[in-house]
């Protein structure tokens with residue numbers, strides 16, 4: 002009888018760790034599972050820029066952010082909110098001063114369009130580079146995806162300044178691995194059909210043209226950050 006009791010206790014002792022093993026496996030599975038991907042509808046695009054995006058001389062519904070939102074909706078991205086963070090007259094320094102305010106809106110994406118007023122004031126190219134780099138780094142530290150929209154300097158500032166100015170955007174795009182739309186006013190600048198009377202700011206037709214040209218890059222950017230058209234499985 003003693004032998005039987007001993008063997009019974011031995012079998013019982015071997016079974017006791019089994020529940021703990023199951024709990025341990027469940028515990029490890031809970032913490033080793035990959036984090037869920039961001040929700041597909043988590044999409045807030047802040048457009049940080051100057052009068053070119055703020056909507057100078059046009060109705061709010063005709064401004065670049067509003068027209069971009071409409072184009073995104075037509076492409077199946079109606080769930081993306083587009084925030085107008087443009088301020089007329091802003092330089093890259095102004096954008097640098099405002100970036101924390103823009104990030105307070107908790108965007109998921111930042112379309113950065115600044116530099117036109119730096120060029121018009123012939124501000125140092127190094128200053129433009131430093132300010133834009135600061136904005137990019139601040140945004141990325143907050144987990145925000147950045148796309149860069151470039152600008153060109155007026156030809157009256159000289160070839161050397163113009164080359165150095167344009168190179169800033171290429172350098173930053175390469176340094177931070179950013180999608181780059183090289184010239185925000187491509188297809189619009191110097192064409193009176195798309196400009197207001199001042200010859201600088203796009204009219205409503207010009208804004209539509211800008212949106213149509215930049216849209217493929219924006220869509221590629223969204224897809225690269227995990228966003229898909231609504232209903233796309």
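In my numbering, the protein residues as written are 2 to 234.
The beta carbon of each residue, even a glycine, is placed where N, CA and C say it ideally should be.
Secondary structure note for residue 87: its beta strand (DSSP E) is the uninterrupted segment 82-87. Nearest Cα to residue 82 within the set 108, 198, 100: 108. The stretch 47-100 is shown to contain whole beta strand (DSSP E) runs of 3 or more residues at 82-87, in chain order. The residues 54, 55, 56, 85, 87, 208, in chain order, have a CB closer than 8 Å to that of residue 64 in the same chain once the five nearest residues on each side in sequence are set aside. Along the stretch 127-214, the alpha helix (DSSP H) occurs as fully enclosed runs of 4 or more residues at 160-177, listed in sequence order. Boundaries around residue 121 are those of the alpha helix (DSSP H), 117-121, since no beta strand (DSSP E) includes it.
In the DSSP assignment, residue 112 falls within the unbroken beta strand (DSSP E) covering 110-114.
Distances from the alpha-carbon of residue 151 to those of 75, 167, 110, 78 put 167 closest.
Residue 45 is bridged by DSSP to 82.
For residue 227, the secondary structure class from DSSP, reduced to helix, strand or coil, is coil. Residue 165 and residue 145 have their C-alpha atoms spaced approximately 27 Å apart. Rounded to whole angstroms, the gap between the alpha carbons of residue 222 and residue 112 is 10 Å. Its Cα nearest to that of residue 182, the residue 219 stands out among 70, 156, 224, 219. Within its own chain, the residues whose Cβ lies closer than 6 Å to the Cβ of residue 94, once the five positions on either side in sequence are excluded, are 132, listed in chain order.
Apart from sequence neighbours up to five positions away, the residues of its chain that approach residue 163 with a beta-carbon distance below 6 Å are 154, ordered along the chain. Cβ-Cβ separation between residue 185 and residue 114: approximately 5 Å, consistent with a contact (criterion under 8 Å). Straight-line measurement puts the Cα of residue 73 at about 17 Å from the Cα of residue 205.
Distance from the Cα of residue 171 is smallest, within the candidate group 192, 148, 191, 188, for 148. The three-state secondary structure of residue 221, taken from DSSP, is helix.
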